Each structure stands twice: as structure tokens, then as C-alpha cells.
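A.B. asks: Can you keep this structure in mind? I'll have questions shortly.
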Amino acid sequence: MRVHVAPRGTRDFLRDAVITGGGVVTDDVRDAVALVYTAPNDPAGLRALLRENPALRWVQLPWAGIEHYVAVLDDARIWTAGQGVYADDVSEHVLALVLASLRDLKARSTATSWQPPSGRSLRGARVTVFGAGGIARSLIALLAPFDVTLTFVRRPRSGSVVVDDVVPGARVVGLTSPAAAHDAVRDADVVVLALALTALTRGLVDDAFLAAMKPGALLVNVARGAHVDTAALLVALDRGHIRAALDVTDPEPLPAGHPLFAHPACLITPHCANTPQMALPVLTTRVRENVRRFIAGEPLLGLVDVNAGY
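For the sequence shown, the numbering used here gives the first residue as 148, with consecutive numbering after it.
In C-alpha cells, the structure reads:
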């Protein structure tokens with residue numbers, strides 16, 4: 148099977164992944180039946196490639212979130228992305244943000260004098276996770292020693308019916324309306340955003356969402372910055388209503404001097420839950436395995452739901 152990796156010079160290590168998976172890398176896209184497309188934000192370039200090469204049967208994208216490419220998706224070919232590839236690394240970062248925030252480590256790390264004790268334990272907390280993909284599933288194992296009560300909020304698979312296929316015994320709520328989201332966070336000590344960015348989830352965390360969170364709760368975002376209304380978040384933080392730990396922001400990168408950086412109730416990391424060094428081995432494995440599966444006629448990993456956009 149001939150595979151074209153484009154554009155050249157971006158993640159060229161994936162050329163080796165194609166070869167070790169049993170494929171042949173071709174620099175002439177006209178000879179290819181599959182495409183590994185790695186430009187981080189060039190949907191126009193991808194659209195042109197597909198328009199000029201309609202024989203391409205499969206497109207592999209390397210990201211878990213593909214919101215920049217939703218308009219290019221079609222039913223003419225198979226689409227796969229990086230869903231689940233980075234889940235273990237990102238969920239590890241979630242746990243780090245949660246523990247650091249609950250234990251007030253931001254204040255501790257900048258203190259220049261002995262401070263009174265503060266902080267709380269994660270043990271026995273109520274944790275609501277928006278999303279039921281790889282990150283959410285990985286979090287189950289990481290949170291197990293803390294004996295937390297888990298609630299998952301997800302897009303219903305069929306109408307308003309929600310199937311408890313995340314973890315037996317967990318509470319699973321359908322993201323059917325803003326009211327459903329608000330109900331899911333009212334008793335949560337920690338709220339984690341780990342869901343795809345779509346038209347329905349953009350701006351999900353607004354004034355009403357934040358007001359529904361209980362006082363002192365922690366909001367953790369490792370998904371996309373645009374899930375959260377930044378102005379509304381700042382108001383909630385200033386009021387002392389909640390705390391936040393953000394690996395993604397809106398805008399991103401967050402401008403130097405932005406009030407979120409210095410806010411005592413907010414911990415910021417620069418979209419580093421998954422770094423290039425972490426991504427290289429797991430993404431190599433995913434592309435290699437999908438090439439092997441495509442050749443063998445087996446189901447591919449990370450299939451994109453074209454209608455859902457992720």
C-alpha cells in the first residue's frame with residue numbers, strides 16, 4: 148500500500164511509521180491510496196490535496212481534536228485521528244493539576260515566608276468528567292486509589308438514551324442541554340473538561356455553568372480553551388466562587404500579563420499535558436498499527452465520526 152505523508156518536514160518520523168507498518172511511502176500523492184496529513188492548521192491545503200486526488204481512500208490526522216478540519220471531512224473516504232493516543236499522558240496531567248490545586252501548591256511554590264496550613268484531600272471527592280473518550284477512561288484508573296465518586300457527561304449515543312459503557316457503576320449523564328450540564332456539576336468538587344470542541348460544546352462553561360458549580364469547586368480544562376468563556380471565568384475567580392487549573396486557554400497562547408496568570412485561584416500550564424516528546428512514540432505506534440490494519444482489512448483505530456466532527 149502506498150502512503151503519502153504531507154507536508155514534508157512536519158513529523159517526518161511518521162514516514163518510518165508507515166514503512167514499519169508494512170506500507171510504502173510515496174512522495175507523489177497521485178500514486179497513494181492513503182494520506183497522513185500533519186500540518187497543524189492548514190485545512191485549505193488538505194482540501195486541495197483531496198480535490199486533486201479523489202482516489203485517496205483513507206486520511207490519517209495526528210491530533211485528538213480536529214476542529215480545524217471539520218469542514219474538510221467527507222463520506223468519500225475513511226478518516227482517522229489521534230483519539231485516545233495521548234490519553235494516558237493527558238490524564239496524568241489532570242491528576243497533577245488536581246492535586247496541585249487542592250493542596251494549594253501554586254501559593255506554596257511562590258511563598259517567601261512560612262504560611263498557615265491549607266488545602267484538602269482528593270480522597271472521597273465527587274468528580275464530574277465531561278467527555279467519555281480515552282482521557283476519561285484513563286482517569287478511571289488514576290482516580291481509583293482516591294475512592295472518588297465519578298460522574299461522566301457525554302453526548303448520547305442514540306437520542307436521549309445514555310448507555311453506561313464508561314465504567315460499571317458510574318453515573319453517566321447525557322449532554323442534552325445546558326441544564327443537564329449544570330445539574331451534573333452542582334455537587335462536584337472537581338469538574339474536568341476532556342471533551343471534543345464542537346458547535347454544541349463551544350462556550351459550554353459560561354456564567355450559568357460556573358454559577359451552578361458549588362462554592363470552592365475546581366474546574367480543570369485539558370480539552371480546548373474555547374469550551375470556557377474566559378471573561379465569565381475571571382468573574383467567578385474574582386468572586387472566590389471557584390478555582391481553576393487550565394492547560395488550555397482562550398485565547399491561546401494566553402498573552403503575557405493576562406490576569407489569569409497571576410490569579411491566586413488559577414493554575415496555568417502552557418498546553419503541555421502532551422508534549423512532542425510524549426507524542427512521538429505513541430503517535431508512531433498508532434500510525435504503524437493503522438497502516439498494518441488497513442493492509443490487513445481490519446478496523447482502524449481512532450475512526451472519526453464525520454457527522455459528529457470528532
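Quick reminder that beta carbons are idealized off the backbone N, C-alpha and C, glycines included.
Since we're looking at a predicted model, the values are computed, not measured.
Which stretch, first to last residue, makes up the alpha helix (DSSP H) that contains H240?
C.D. replies: A234 to L249 is the extent of the alpha helix (DSSP H) around H240.
A.B. asks: Using the three-state DSSP reduction, which class does T173 fall into: helix, strand or coil?
C.D. replies: Correct three-state label for T173: coil.
A.B. asks: Please identify the residue among T377, A391 and N421 whose C-alpha is closest to the C-alpha of P474.
C.D. replies: In the structure displayed, the chain extends from 148 to 457; residue 474 sits before or after that span and is not available.
A.B. asks: Quick check: the Cα distance between A195 and G280, rounded to an integer number of angstroms?
C.D. replies: So the two alpha carbons sit approximately 31 Å from each other.
A.B. asks: Using the three-state DSSP reduction, which class does L252 fall into: helix, strand or coil?
C.D. replies: Helix, per DSSP.
A.B. asks: Roughly how far, in whole angstroms, is the beta-carbon of T298 from the beta-carbon of A335, given that I think they are within contact range, below 8 Å?
C.D. replies: Sure, about 7 Å apart at Cβ, within 8 Å.
A.B. asks: What separation, rounded to the nearest whole angstrom, lies between the Cα atoms of T431 and D159?
C.D. replies: Rounded to whole angstroms, T431 to D159 spans 10 Å at the Cα level.
A.B. asks: Within a Cβ cutoff of 7 Å, which residues of the same chain sit near F270, ignoring the five residues on either side of it in sequence?
C.D. replies: Inspection of the sequence shows that residue 270 is occupied by Arg rather than by Phe. For R270, where only same-chain residues beyond five positions count, the Cβ hits under 7 Å are F293 and D294.
A.B. asks: Per DSSP, T348 forms a beta bridge with which residues?
C.D. replies: According to DSSP, which records beta bridges pairwise, T348 is partnered with nothing at all.
A.B. asks: Using 7 Å as the threshold, is the C-beta distance between S248 and A392 below it?
C.D. replies: In this structure, A392 lies closer than 7 Å to S248 by Cβ.
A.B. asks: What does DSSP give as the partner residues of R301 in its beta bridges?
C.D. replies: Partner(s): G321.
A.B. asks: Under the criterion of a Cβ to heavy atom distance below 6 Å, does M425 qualify as lining the ligand FAD?
C.D. replies: Ligands displayed in this structure: none; no statement on the ligand FAD is therefore possible.
A.B. asks: Note down the Cα distance separating R126 from L380, rounded to an integer number of angstroms.
C.D. replies: Because the chain spans 148 through 457 in this model, residue 126 falls outside it and cannot be assessed.
A.B. asks: Based on Cα-Cα distance, which residue from V319, L342 and G169 lies nearest to A331?
C.D. replies: Cα-wise, what sits closest to A331 is V319.
A.B. asks: Comparing C-alpha positions only, which one of V206, L351 and G350 sits nearest to P190?
C.D. replies: Cα-wise, what sits closest to P190 is V206.
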